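Enquirer: Residue numbers (the UniProt record's numbering): 1 to 359. Next up is a structure, given as structure tokens.
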Ligand SMILES: NC(=O)c1ccc[n+]([C@@H]2O[C@H](COP(=O)([O-])OP(=O)(O)OC[C@H]3O[C@@H](n4cnc5c(N)ncnc54)[C@H](OP(=O)(O)O)[C@@H]3O)[C@@H](O)[C@H]2O)c1
């Protein structure tokens, strides 16, 4: 089946040569058996929107993974119906179909990657949540194996955990999941302007990652806590400058049995890679490598992360939130410039979403 947009479908696009542009199209979108046709309301911006094109070879295609929109059509027997407001994320990998890019006015989403947006979750926040909540949940509940919120209320974890880059969007989710799971000593790094906010979300000890004494300060705090060494560490930014954040994380972790997780692919093989889209195999071609590689699906882990995302949705505003979500105003060209800046990790704190239809 195919869907023909009733009006021009404006989209943010990357071509095969990695040029980014705004495109207008009225081409029909192919709709698979278990897929929803969505009229977009907001598309959420992630660093992956451009990084996957520039670094991992995912092009030519429409940009974007997160969205909140209105269902125009759903498959027979679906739990979704026309008019439902849903949010979700869409598939990735080499050869990604243009229909899945979420920075367009009409898109296609597999039914099992969408959820209904409840009244407690503002639509712009719904469009910001899936990618970052799923990757943080993968770190906390699959690699660290902390219990899902609400699944074991007697779980108390006193041994300190470290979240580096706690004010990245993924870091904010990790801090709140750790608190909800039962972690009692959550050590976080962030810029000083973010410290009070992070404490309000669950961080118990917060350090400036730019301080020359940050590693020593963290080690002194771990010693003073007297609850053992850091046993779980999540690098939620994997920054490369000025000092690679993963190297600083390693210096804070003295327990050889500690579990290390880094949010991007790292050379240091002690760091496991969490993933928002672990439902399916993911095939990419990393720059400088001739052959594609496939990261195998972990569907059981994905569905556990999805449960955590649904917990965050149900508890949004009361135990879980993204504290800063900005709706971009202005033209599609302006939105594209902002998307590129987020991909360069140079836009700073907070989530941004684009309003649709793009102008
Ligand atoms: N594996 C996956 O599936 C997956 C999923 C989502 C994201 N990611 C990746 O994860 C990274 C973060 O994504 P995001 O959307 O959460 O980012 P984001 O919200 O755009 O992160 C911005 C924040 O990063 C912090 N930061 C920048 N440099 C830092 C450093 N050297 N040390 C500590 N914090 C630093 C800044 O915190 P302050 O304001 O405190 O300075 C800034 O506010 C990106 O590389 C993204 O591609 C991977």
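In this text, a Cβ means the ideal position worked out from N, Cα and C, and glycines have one as well. Since the structure is predicted, the reported quantities are computational estimates derived from the model, not experimental observations.
Tell me which residues share the same chain as residue 28 and place their Cβ nearer than 7 Å to its Cβ, disregarding the 5 neighbours each side in the sequence.
Expert: 2, 3, 4
Enquirer: Quick one: what does DSSP say residue 199 is sitting in, helix, strand or coil?
Expert: helix
Enquirer: If you draw a straight line from the C-alpha of residue 249 to the C-alpha of residue 30, how long is it?
Expert: Taking C-alpha positions only, residue 249 is separated from residue 30 by approximately 45 Å.
Enquirer: I believe residue 299 touches residue 279 by the beta-carbon criterion, under 8 Å. Please report the beta-carbon distance rounded to the nearest angstrom.
Expert: 6 Å
Enquirer: Quick one: any contact between the region 62-72 and the region 101-121, if contact means 3 or more CB pairs under 8 Å?
Expert: yes
Enquirer: Please identify the residue among 95, 227, 276, 269 whose C-alpha is closest to the C-alpha of residue 292.
Expert: For the residues 95, 227, 276, 269, the minimum Cα distance to residue 292 belongs to 95.
Enquirer: Here's a check: name, in chain order, each residue in its chain whose Cβ is nearer than 7 Å to the Cβ of residue 358, leaving out the five neighbours to either side.
Expert: 10, 105, 332, 335
Enquirer: Is residue 78 near ligand 1 - that is, is its Cβ less than 6 Å away from at least one heavy atom of it?
Expert: no
Enquirer: Would you please state the rounded distance, in angstroms, between the beta carbons of residue 273 and residue 262? I believe it to be under 8 Å.
Expert: 7 Å
Enquirer: Using CA coordinates, which residue listed in 277, 17, 40 is at the minimum distance from residue 126?
Expert: 40
Enquirer: Whose C-alpha, out of 193, 215, 231, 222, is nearest the C-alpha of residue 245?
Expert: 215
Enquirer: Closest to residue 17 by CA distance: which of 56, 76, 177, 203 is it?
Expert: 56
Enquirer: Which residues in the same chain as residue 229 place their Cβ atom closer than 8 Å to its Cβ, once the five residues preceding and following it in sequence are excluded?
Expert: Cβ within range, chain order: 159, 160, 222, 253, 254, 255, 258.
Enquirer: In angstroms, rounded to a whole number, what distance separates the CA positions of residue 218 and residue 195?
Expert: In this structure, the straight-line span from the alpha carbon of residue 218 to that of residue 195 is close to 15 Å.
Enquirer: Is any non-hydrogen atom of ligand 3 found closer than 6 Å to the C-beta of residue 59, if you look at the structure I gave you?
Expert: Summarising the ligand content, the structure contains ligand 1 and does not contain ligand 3.
Enquirer: For residue 298, verify whether its CB is less than 6 Å away from any heavy atom of ligand 1.
Expert: In this structure, residue 298 has its CB at a distance of at least 6 Å from all heavy atoms of ligand 1.
Enquirer: Is residue 149 helix, strand or coil when you go by DSSP?
Expert: coil
Enquirer: Give the DSSP bridge partners of residue 188, in chain order.
Expert: In the DSSP secondary-structure assignment, residue 188 is bridged to 163, 206.
Enquirer: Less than 7 Å between the C-beta atoms of residue 117 and residue 85, yes or no?
Expert: Yes.
Enquirer: If the criterion is Cβ atoms closer than 7 Å, does the pair residue 175 and residue 203 meet it?
Expert: yes
Enquirer: Report the three-state DSSP secondary structure of residue 183 (helix, strand or coil).
Expert: strand
Enquirer: Identify whether residue 288 lies in helix, strand or coil by the three-state DSSP scheme.
Expert: coil
Enquirer: Determine the burial state of residue 53: buried for a count of at least 16 other Cβ atoms within 10 Å of its Cβ, exposed for fewer.
Expert: buried
Enquirer: Could you check if residue 327 is buried or exposed, using at least 16 other CB atoms within 10 Å of its CB as the buried criterion?
Expert: exposed
Enquirer: Determine the DSSP secondary structure at residue 50, reduced to helix, strand or coil.
Expert: helix
Enquirer: Flag residue 209 as yes when its Cβ comes closer than 6 Å to any non-hydrogen atom of ligand 1, and as no otherwise.
Expert: Yes - ligand 1 has a heavy atom lying nearer than 6 Å to the Cβ of residue 209.
Enquirer: Report the rounded CA-to-CA distance for residue 111 versus residue 99, giving the unit in angstroms.
Expert: Taking C-alpha positions only, residue 111 is separated from residue 99 by approximately 14 Å.
Enquirer: Just mark residue 235 as buried or exposed, buried being the case when its beta carbon has 16 or more other beta carbons within 10 Å.
Expert: buried
Enquirer: Quick one: is residue 142 buried, meaning 16 or more other Cβ sit within 10 Å of its Cβ, or exposed?
Expert: buried
Enquirer: Going by beta carbon distance, what residues of the same chain come within less than 6 Å of residue 132, once the five residues before and after it are set aside?
Expert: 169, 170, 173
Enquirer: Measuring only from the beta carbon, is residue 212 closer than 6 Å to any heavy atom that is part of ligand 1?
Expert: no
Enquirer: For residue 264, write down the residues that DSSP places opposite it in a beta bridge.
Expert: Answer by DSSP bridge pairing: none, since residue 264 is not bridged.
Enquirer: Just curious, the beta strand (DSSP E) that residue 44 is in, first and last residue?
Expert: 35-44
Enquirer: Within the present structure, is the beta-carbon of residue 144 separated from the nearest heavy atom of ligand 1 by less than 6 Å?
Expert: no
Enquirer: Looking only at its own chain, which residues have a Cβ that is under 8 Å from the Cβ of residue 80, when we skip the five neighbours before and after it?
Expert: 36, 71, 74, 86, 111, 114, 116
Enquirer: Which ranges would you report for the beta strand (DSSP E) in the region 85-116 if only whole runs of at least 3 residues count?
Expert: Complete beta strand (DSSP E) runs here, min 3: 85-89, 106-110, 114-116.
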